[in-house]
């Protein structure tokens, strides 16, 4: 879906629209002099952002969200990776699991929130469980497909060398499938952040999602919009970071663009 | 001959796979029967089924399911229509893409649920708020896929259109749309998933009548059978809506598949 595109030189025209919108909002706010529960002047947003940054609440909330997202990503992702490798290697396992997987996969991630809440109450564990459940499926399916795309000759080599199954997985399958698996990981990482924020908005009183809800409920639209832009920036920046890592590690391998 | 055999073999594998699903259900039942996990947290499959059947029979659960489906479909339809229209506009204009693409790329990974507080500030806890959030969140997959579909029209076809003096509207309709349809439909399938998720979250937060709100209330009062029945229904909605769009894709793209 995302073609990636080459990150060519920055084009001022791409920044023109957001910049003009902010400027217009600022002028409109100054001229009309709004004191609203839902709108704020961009300069006030910047002030609120600075204040949240200064008293440490912004970084703490960001840390809470990112920590839960990463923990869930690792838990669900590693489980998905393991089972995905298994399904990729074993046609029998793959075919037997078809119905259970296809029946469970369409469960909307947020439907897990009440279940996780009932088991763990509020807190990290509940958020991590929901994130892990969501990240598990794309990792499982994309790892399976990555393993199945490994060059068949390599399996023959492994067979000829008489490698044991663990040796086969770690020396042949994983290195060969790694570029595609990393793409899956990048996708799951993006999802993990979205789900973490969603859980916080819907239920868990922690992190950026809760900070957003709190800013709205205490009628601080300046802080609310500042947080919204910050959440967008964190998502955008983490995706850029992972893309850069991917380019650096796998630029020589075809198929990394899948 | 060998085709018939392969078909029968495939059927056997499907039967075995359904058997695996049933076996997993049996494991669940045994876990409950032995009370390895307290029934407060994990209802047995039978209890879940009873809750599902009774809820459907007295109409309460059916009404909630209908509410969620309606919210999801309306938001999705709005997102699809807007996404296709905007996507066609942006996709056919290289100039517009230069101005808009970076902003779109920044907004795309933004968690749609982060928009919820903003929407609540503007619309209050109303059905309109839910619709806005669902449509806003679900528009990105359609919009970006449609932009890509319209922008990737074979340059020679664009030249042909220019030589024939097609208007921009004619170009969109006769050349752009057939090219963009596979992308757009794929995007719409993703949008449906997003729409369902946001419908549930909006119901949870705004207390709108629907399964999202119902399962949250069930969890708070430890009615685990009702909770699992609701979650199963949500899974069914996801499954059926996804399959529905897949069928639609196959129908609408039949002409393309035959040629490839």
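Protein chains in written order, with our numbering: chain E, 1 to 258; chain L, 259 to 518.
A virtual CB, placed ideally from N, CA and C, is assigned to each residue, including glycine.
1) Pick out whichever of E:20, E:40, E:26 and E:99 has its Cα sitting closest to the Cα of residue 272 of chain L.
2) Quick check: is the beta carbon of residue 148 of chain E nearer than 7 angstroms to any beta carbon in chain L?
3) Could you have a look at residue 344 of chain L and say whether DSSP puts it in helix, strand or coil?
4) Classify residue 2 of chain E as helix, strand or coil using the three-state DSSP reduction.
5) What residues in the region 103-127 of chain E bring their beta carbon closer than 7 angstroms to a beta carbon of chain L?
6) With 7 angstroms as the threshold, decide whether the Cβ of residue 94 of chain E is near any Cβ in chain L.
7) Is residue 216 of chain E buried or exposed, if buried means 16 or more other CB atoms sit within 10 Å of its CB?
8) I'd like the ranges of any beta strand (DSSP E) spanning at least 3 consecutive residues and lying wholly in the region 104-146 of chain E.
9) Do residue 79 of chain E and residue 136 of chain E have their C-beta atoms closer together than 7 angstroms?
10) Could you tell me the distance, in whole angstroms, from the CA atom of residue 441 of chain L to the CA atom of residue 39 of chain E?
11) Can you give me the C-alpha to C-alpha distance between residue 352 of chain L and residue 26 of chain E, rounded to a whole angstrom?
12) Let me confirm a value: residue 523 of chain L is counted as buried when at least 16 other C-beta atoms fall within 10 Å, else exposed. Which label applies?
13) What number of angstroms, rounded off, separates the C-alpha of residue 340 of chain L from the C-alpha of residue 261 of chain L?
14) Which residues in chain E sit within 7 angstroms of residue 288 of chain L, going by Cβ to Cβ distance?
15) Locate the alpha helix (DSSP H) running through residue 378 of chain L, then write down its first and last residues.
16) Of the choices L:498, L:367, L:370 and L:344, whose alpha-carbon is the least far from that of residue 547 of chain L?
17) Buried or exposed: residue 222 of chain E, going by 16 or more other Cβ atoms within 10 Å of its Cβ?
18) For residue 97 of chain E, count neighbouring Cβ atoms within 10 angstroms of its own Cβ and tell me buried if that reaches 16, exposed if not.
19) Quick one: is residue 323 of chain L near chain E, going by C-beta distance under 7 angstroms?
20) What's the call for residue 192 of chain E, buried or exposed, on a 16-neighbour Cβ count within 10 Å?
21) Going by Cα to Cα distance, which pick from L:502, L:466 and L:338 is closest to residue 445 of chain L?
22) Compare the Cα-Cα distances from residue 542 of chain L to each of L:264, L:303 and L:294 and report the closest residue.
23) Flag residue 462 of chain L as yes if its beta-carbon sits less than 7 angstroms from any beta-carbon of chain E, otherwise no.
24) With a CB to CB cut of under 7 angstroms and the five nearest residues on each side skipped, what residues in its chain are close to residue 132 of chain E?
25) Starting from the Cα of residue 107 of chain E, find the closest Cα among L:264, L:494 and L:269 and give me that residue.
26) Between which two residues does the alpha helix (DSSP H) containing residue 430 of chain L stretch?
27) Sort E:247, E:245, E:232 and E:248 by Cα distance to residue 363 of chain L and report the nearest one.
28) Distance, Cα to Cα, residue 150 of chain E vs residue 242 of chain E?
29) Taking Cβ-Cβ distances shorter than 9 angstroms, what residues in chain L pair up with residue 89 of chain E?
30) Considering only residues of the same chain and omitting the five flanking positions on each side of residue 246 of chain E, which have a CB-CB separation below 6 angstroms?
31) Do the region 462-470 of chain L and the region 310-324 of chain L meet, that is, are 3 or more Cβ pairs less than 8 angstroms apart?
32) Taking all protein chains shown into account, do 16 or more other C-beta atoms lie within 10 angstroms of the C-beta of residue 114 of chain E, making it buried, or fewer, making it exposed?
33) With 16 as the cutoff for other CB atoms within 10 Å, does residue 334 of chain L come out buried or exposed?
34) Is the shortest distance between the beta-carbon of residue 279 of chain L and the beta-carbons of chain E less than 7 angstroms?
35) Which word fits residue 138 of chain E, buried or exposed, when buried means at least 16 other C-beta atoms lie within 10 angstroms of its C-beta?
36) Give the C-beta separation of residue 176 of chain E and residue 141 of chain E to the nearest angstrom, bearing in mind that I take them to be a contact with Cβ-Cβ under 8 angstroms.
On the basis of the coordinates in this document:
1) Numbered from its first residue, the second chain carries residue 272 of chain L at position 14. Looking from the CA of residue 272 of chain L, the closest CA among E:20, E:40, E:26 and E:99 belongs to E:99.
2) The residue labelled residue 148 of chain E in the question sits at position 148 within the first chain. Not closer than 7 angstroms to any Cβ of chain L, the Cβ of residue 148 of chain E fails to qualify, so no.
3) As a first step, residue 344 of chain L must be located in the second chain, where it is residue number 86. In this structure, residue 344 of chain L counts as helix in the three-state DSSP scheme.
4) Numbered from 1 along the first chain, position 2 holds the residue referred to as residue 2 of chain E. Low confidence applies here, because residue 2 of chain E scores a pLDDT of 38, under 50, leaving its location unreliable and the question unanswered by this model.
5) Here the close residues are 103, 106, 107, 108, 109, 110, 111, 114, 115, 117, 118 and 119.
6) Residue 94 of chain E sits at position 94 when you count from the first residue of the first chain. It does not; no Cβ of chain L falls within 7 angstroms.
7) Your numbering for residue 216 of chain E matches position 216 in the first chain. Taking every protein chain shown into account, the CB of residue 216 of chain E has 16 or more other CB atoms within 10 angstroms, so this residue is buried.
8) Those beta strand (DSSP E) runs which fall completely within the region 104-146 of chain E and span 3+ residues do not exist here.
9) Against the first chain, residue 79 of chain E aligns to sequence position 79. Against the first chain, residue 136 of chain E aligns to sequence position 136. Cβ atoms of residue 79 of chain E and residue 136 of chain E: closer than 7 angstroms.
10) On the second chain, position 183 is the one that residue 441 of chain L refers to. On the first chain, position 39 is the one that residue 39 of chain E refers to. Looking at the two C-alpha atoms, the distance is approximately 36 angstroms.
11) Your numbering for residue 352 of chain L matches position 94 in the second chain. Your numbering for residue 26 of chain E matches position 26 in the first chain. Rounded to whole angstroms, residue 352 of chain L to residue 26 of chain E spans 30 angstroms at the Cα level.
12) Residue coverage of chain L in this structure runs from 259 to 518, which leaves residue 523 of chain L outside it and unanswerable.
13) Position 82 of the second chain, counted from the first residue, corresponds to residue 340 of chain L. Position 3 of the second chain, counted from the first residue, corresponds to residue 261 of chain L. Between residue 340 of chain L and residue 261 of chain L, the C-alpha separation is close to 45 angstroms.
14) Along the second chain, read from residue 1 onward, the residue named residue 288 of chain L stands at position 30. Scanning chain E for C-beta atoms nearer than 7 angstroms to the C-beta of residue 288 of chain L yields nothing, as the closest lies near 17 angstroms away.
15) Locating residue 378 of chain L in the second chain gives position 120, where the first residue counts as 1. Residues 373-381.
16) Residue 547 of chain L falls outside the range modelled here, since chain L spans only 259 to 518, and no answer is possible.
17) By 1-based counting over the first chain, the position of residue 222 of chain E is 222. Buried, since its Cβ has 16 or more Cβ neighbours within 10 Å.
18) Here residue 97 of chain E is taken as the residue at index 97 of the first chain, counted from 1. Residue 97 of chain E should be labelled buried.
19) The sequence position of residue 323 of chain L within the second chain is 65, counting from 1. So no, residue 323 of chain L is outside the interface.
20) Taking the first residue of the first chain as position 1, residue 192 of chain E is located at position 192. Label assigned to residue 192 of chain E: buried.
21) Translated into the one-based positions of the second chain, residue 445 of chain L becomes position 187. A check of alpha carbon separations from residue 445 of chain L across L:502, L:466 and L:338 identifies L:338 as the nearest.
22) Residue 542 of chain L is absent from the model: chain L starts at 259 and stops at 518.
23) Mapped onto the second chain, residue 462 of chain L falls at position 204. For residue 462 of chain L, the answer is yes, since a Cβ of chain E falls inside 7 angstroms of its Cβ.
24) Your numbering for residue 132 of chain E matches position 132 in the first chain. Cβ neighbours of residue 132 of chain E within its own chain (closer than 7 angstroms, five residues either side excluded): 72, 75 and 76.
25) Locating residue 107 of chain E in the first chain gives position 107, where the first residue counts as 1. That would be L:494, whose Cα lies nearest to the Cα of residue 107 of chain E.
26) Taking the second chain and counting its residues from 1, one reaches residue 430 of chain L at position 172. Annotation for residue 430 of chain L: no alpha helix (DSSP H) segment contains it, and DSSP assigns it neither H nor E.
27) The residue you call residue 363 of chain L lines up with position 105 of the second chain. Residue E:232 is the option with its Cα nearest to residue 363 of chain L.
28) Your numbering for residue 150 of chain E matches position 150 in the first chain. Your numbering for residue 242 of chain E matches position 242 in the first chain. Taking the CA atoms as reference points, residue 150 of chain E sits about 23 angstroms from residue 242 of chain E.
29) Translated into the one-based positions of the first chain, residue 89 of chain E becomes position 89. Those do not exist, as residue 89 of chain E stays about 17 angstroms from chain L at its closest Cβ, beyond 9 angstroms.
30) Start at 1 with the first residue of the first chain, and residue 246 of chain E comes out as number 246. Shown here for residue 246 of chain E: same chain residues with a beta carbon closer than 6 angstroms to its own, the five before and five after excluded, namely 182 in chain order.
31) Pairwise C-beta distances place the region 462-470 of chain L in contact with the region 310-324 of chain L, as three or more of them are shorter than 8 angstroms.
32) Looking up residue 114 of chain E in the first chain gives position 114. Classification of residue 114 of chain E: buried, given that the 10 Å Cβ count is 16 or more.
33) On the second chain, residue 334 of chain L is found 76 positions in, with the first residue counted as 1. That one is buried.
34) The sequence position of residue 279 of chain L within the second chain is 21, counting from 1. Yes - at least one Cβ of chain E is within 7 angstroms of the one on residue 279 of chain L.
35) Taking the first chain and counting its residues from 1, the one referred to as residue 138 of chain E is at position 138. By the 10 Å Cβ count, residue 138 of chain E comes out buried.
36) Counting from 1 along the first chain, the entry for residue 176 of chain E is found at position 176. Counting from 1 along the first chain, the entry for residue 141 of chain E is found at position 141. Contact annotation, residue 176 of chain E with residue 141 of chain E: C-beta distance approximately 18 angstroms; criterion of less than 8 angstroms not satisfied.
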